[in-house]
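Okay, structure first, notes after.
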Amino acid sequence: MIDPPTRRGPGPRPPVRTTGRQVVVFADRDDLQVDWSAAGITDVADSRDFAAGRVPAQTLREAGATVFARLGIAVVAAGPDQVGALRAAARPVLSVSPELVHRVLPEDTAGYVRGYRDGVADLAGRVLGGAGEDGTAAPPLFQDTATATWGVQAVRATTSPYTGSGIRVAVLDTGLDLEHPDFAGRTITAESFVPGETAQDGHGHGTHCVGTSCGPRTPPGGPRYGIASEAEVYVGKVLGDEGSGDDGGILAGIDWAVANGCAVISMSLGADVAEAHPPYSAAGRRALQQGSLIVAAAGNNADRRSGEFGFVGAPANSVEVLAVGALDPALTVAWFSARSLPSPGGEVDVAAPGVDVLSTWPMPERYNTISGTSMATPHVAGVAALWAEATGRRGYELWATLTQAAQRLGEPSVDVGSGLALAPQEGAGGA
Amino acid sequence: MALPLTPVSVTVDDGHLAQVETVAQALRDSGMEVERVLGSVGVITGRAPADARRSLLAVEGVTSVDGQLQVSLPPPDAPVQ
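Okay, structure coming up:
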């Protein structure tokens, strides 16, 4: 007889073990003044007093307190009754927490087998048709309401206290309908880099993208569709009224946006080439160094309905340009959204709403609902402007913040990168 | 007969960002019709004969010479943009 294996599924977890010591985090790392005696602590070791900052294990065990000055953290031999005194020992103390005992994570063979089973079930579901395990498409999580489009809800712009105030956002596209009533009273700087054309949008694509990234918090009529409602808008027309443009105008638009201190540059454009284009890599890198983050559409060259996954085109496939994929209201990958390339920079970095997106359109239509990674991109640009306002971060730091704060999805990372870009919520500005 | 001119983007290396105008002049001397000198991103755009790539690449401060990419949106009434 073989005994049945011990069940190791979900159940009560073993209690977390602590050491009896407290971990104190100080707010000010640079000027650490602690009155240890007031908290009844003697025998304080400081990592700065040890060669190469390496505190011996024995000291850690025996000292009343060990201070890691570079981290602004101390481990203190103190019981829970001394926590209050520790909080008062230096101002301000961010936290006092029990020191935890960490162990190597146990091997979980049953978990591996369960994962394998789930993977096979998922594969069967996909191959045999339908998006879900039972062969039916997942229901939409989001939908347009009378107050907000599904996209601004999904990125949580509707609950963010930030507006992009004080942040300049450049949208390099087909221009903007400068007479559009939804932008009346806004600070808009418009420039055309297309010979013989003004910045007035004769296509519609640019007006749609400006609406999503920077549209008003409460439009005169209809639901909210825009994110950075108080950002200063820089409209750079780099694509002509017939929808085309070349490097010359696009790079000129990037240069103009960087020179004007735009923290975010939104580019819902691309060419279906699989190689990174050196001028865009250089421009992206130098823009980041000067505090401007370029956000670009991954591309619409996939047709997942017929098994074509496409690839991230230029300029989004440059290492220095953040590439955006498109999601539908069920937060699954849009059928047209391009997949990551294996080459460096060819990754989809984040994803955002890009299916059935309502936004502004040149008058008299006023609004239009369309799809594309072009529509996902300005969602991320708007969210980036909110983070820039909330945290003051720019360039690579802003990029890292966006991907770090993204909501992870069950979709493959080759399609959605870090997941759904999310707006900063109350308190996101930090201490 | 001279070759037709094609649009090119010339990328300036990090060491010559402060001298983009000097690089642009050297590119003109090598047969490029310079249209834009983009100082913030260090790129010079314009047009050059198809066989001039090698001589442009030889200009001091130039790290890359590339034919310009064309970008085209679908028409305004297309459902996927």
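Chains A and B, in that order, are what the protein sequence lines are.
Take the first sequence: its position 166, counted from the start at 1, is 166 in this note's numbering, and no numbers get skipped.
Quick note: to get this note's numbering, add 1000 to the position in the second sequence (first position is 1).
All C-beta atoms in this analysis are idealised placements derived from N, C-alpha and C, irrespective of residue type, glycine included.
Just so it is clear, the structure is predicted and the values come from calculations on it, not from any experiment.
Range covered by the beta strand (DSSP E) that runs through residue i
i: A/Thr375; result: With the sequence shown as reference, residue 375 of chain A is identified as Met, and Thr is not the correct amino acid for it. Per DSSP, A/Met375 belongs to no beta strand (DSSP E); it is in the alpha helix (DSSP H), 373-391.
i: A/Pro278; result: Element bounds for A/Pro278: not the beta strand (DSSP E) but the alpha helix (DSSP H), 278-289.
i: A/Phe367; result: One detail in the question is off: residue 367 of chain A reads as Tyr in this sequence, not Phe. Looking at the DSSP string, the run of the beta strand (DSSP E) that includes A/Tyr367 is 367-370.
i: A/Asp246; result: 244-246
i: B/Ser1009; result: 1005-1012
i: A/Gly236; result: 232-237
i: A/Gly192; result: Checking the displayed sequence, the identity of residue 192 of chain A turns out to be Ser instead of Gly. First-last of the beta strand (DSSP E) with A/Ser192: 188-192.
i: B/Glu1035; result: 1033-1038
i: B/Gly1046; result: 1043-1049
i: B/Ser1072; result: 1070-1072
i: B/Val1059; result: No beta strand (DSSP E) holds B/Val1059; DSSP gives it neither H nor E.
When the options are compared against residue i, the one with the closest alpha-carbon
i: A/Ser374; options: A/Asn260, A/Ala257, A/Gly204; result: A/Gly204
i: B/Val1080; options: A/Gln22, A/Gly354, A/Arg126; result: A/Gly354
i: A/Ala88; options: A/Val101, A/Val34, A/Val75, A/Gly410; result: A/Val34
i: A/Val93; options: A/Val83, A/Ile227, A/Ala323, A/Met267; result: A/Val83
i: A/Gly40; options: A/Phe26, A/Leu71, A/Ala85; result: A/Ala85
i: A/Val282; options: A/Val273, A/Asp303, A/Pro315, A/Ala263; result: The sequence as given places Ala at residue 282 of chain A; Val does not occur at that position. For A/Ala282, the nearest C-alpha among the options comes from A/Pro315.
i: A/Ser95; options: A/Ser371, A/Val348, A/Val25, A/Thr145; result: A/Val25
i: A/Thr149; options: A/Asp356, A/Arg393, A/Val416; result: A/Asp356
i: A/Ile254; options: A/Ala228, A/Glu232, A/Gln290; result: A/Gln290
i: A/Val416; options: A/Gly392, A/Trp335, A/Glu426; result: A/Trp335
i: A/Arg195; options: A/Gly240, A/Gly206, A/Thr207, A/Pro181; result: Per the sequence shown, the amino acid found at residue 195 of chain A is Pro instead of Arg. For A/Pro195, the nearest C-alpha among the options comes from A/Gly240.
i: A/His208; options: A/Pro14, A/Thr66, A/Arg366, A/Glu389; result: A/Arg366
i: A/Gly53; options: A/Thr42, A/Thr66, A/Glu62; result: A/Thr66
i: A/Gly325; options: A/Glu308, A/Arg48, A/Ala302, A/Ser306; result: A/Ala302
i: A/Asp272; options: A/Ala252, A/Tyr225, A/Leu251, A/Ala297; result: A/Ala297
i: A/Thr346; options: A/Gly299, A/Arg13, A/Leu327, A/Leu402; result: The question names Thr, yet the displayed sequence has Gly at residue 346 of chain A. When only C-alpha atoms are compared, the closest one is A/Gly299.
i: A/Arg293; options: A/Gly206, A/Ala384, A/Val333; result: Before going further, note that residue 293 of chain A is Leu rather than Arg in the sequence given. Closest by alpha carbon: A/Ala384.
i: A/Leu484; options: A/Asp81, A/Asp144, A/Arg408; result: There is no way to answer for residue 484 of chain A, as the model of chain A reaches only from 1 to 431.
Limits of the alpha helix (DSSP H) - the one that residue i falls within
i: A/Tyr396; result: 395-405
i: B/Thr1063; result: Note, B/Thr1063: premise wrong, no alpha helix (DSSP H); beta strand (DSSP E) at 1062-1067.
i: B/Gly1017; result: Note that residue 1017 of chain B corresponds to Leu in the displayed sequence, not to Gly. No alpha helix (DSSP H) contains B/Leu1017, which DSSP labels as neither H nor E.
i: A/Leu422; result: No alpha helix (DSSP H) holds A/Leu422; DSSP gives it neither H nor E.
i: A/Val414; result: 413-416
Ignoring anything shorter than 3 residues or poking outside the region 15-92 of chain A, list the beta strand (DSSP E) runs there in chain order.
-> 18-26, 44-46, 65-68, 73-76
Taking only beta carbons into account, state which residues of the region 1009-1038 of chain B come closer than 7 Å to chain A, listed in chain order.
-> Ser1009, Thr1011, Glu1035, Arg1036, Leu1038
Report the residues of the region 231-259 of chain A with a CB closer than 9 Å to any CB of chain B, ordered along the chain.
-> Val238, Leu239, Glu242, Gly243, Ser244, Gly245, Asp246, Asp247, Gly248, Gly249, Ile250, Leu251, Ala252, Ile254, Asp255, Trp256, Ala257, Val258, Ala259
Every unbroken alpha helix (DSSP H) within the region 103-173 of chain A, with a cutoff of 4 residues, ordered by chain = 109-127, 150-154
If contact means a Cβ-Cβ distance below 8 Å, which residues of the region 362-392 of chain A contact chain B?
-> Ile370, Ser371, Gly372, Ser374, Met375
Can you check the region 293-324 of chain A for any beta strand (DSSP E) of at least 3 residues that lies completely inside it and give the ranges in chain order?
-> 293-297
Evaluate contact between the region 317-327 of chain A and the region 267-283 of chain A, counting only Cβ atoms and requiring at least three cross-stretch pairs below 8 Å.
-> yes
Okay, do the region 1064-1071 of chain B and the region 232-247 of chain A touch, 3+ Cβ pairs below 8 Å being the bar?
-> yes
With 7 Å as the C-beta to C-beta threshold (strictly closer), list the residues of the region 267-284 of chain A near chain B in chain order.
-> Leu269, Gly270, Ala271, Val273, His277, Pro278, Pro279, Ala282, Ala283
Does the pairing of the region 176-193 of chain A with the region 230-245 of chain A give three or more beta-carbon distances under 8 Å?
-> yes
Going along the chain, which residues of the region 189-221 of chain A sit with their C-beta nearer than 7 Å to a C-beta in chain B?
-> His203, Gly204, His205
Anything in the region 1038-1050 of chain B with a Cβ closer than 8 Å to a Cβ of chain A? List those residues in chain order, please.
-> Leu1038, Gly1039, Ser1040, Val1041, Gly1042, Val1043, Thr1045, Gly1046
Is it true that the region 165-179 of chain A meets the region 393-402 of chain A, where meeting means three or more beta-carbon pairs spaced less than 8 Å apart?
-> no
According to a CB-to-CB cut-off of less than 8 Å, which residues of the region 1052-1070 of chain B neighbour chain A?
-> Thr1063, Ser1064, Asp1066, Gln1068, Leu1069, Gln1070
The region 291-320 of chain A: positions lying closer than 7 Å to chain B by Cβ = Asn300, Ala314
Decide if the region 257-274 of chain A is in contact with the region 1020-1027 of chain B; the criterion is three or more beta carbon pairs, one per stretch, under 8 Å apart.
-> no
Give a yes or no on contact between the region 303-314 of chain A and the region 331-347 of chain A, applying the rule of three or more CB pairs nearer than 8 Å.
-> yes
Inter-stretch contact (C-beta, 8 Å, three-pair minimum) for the region 208-215 of chain A and the region 1037-1048 of chain B | no
Contact between the region 1046-1066 of chain B and the region 216-231 of chain A: three or more CB pairs below 8 Å?
-> no
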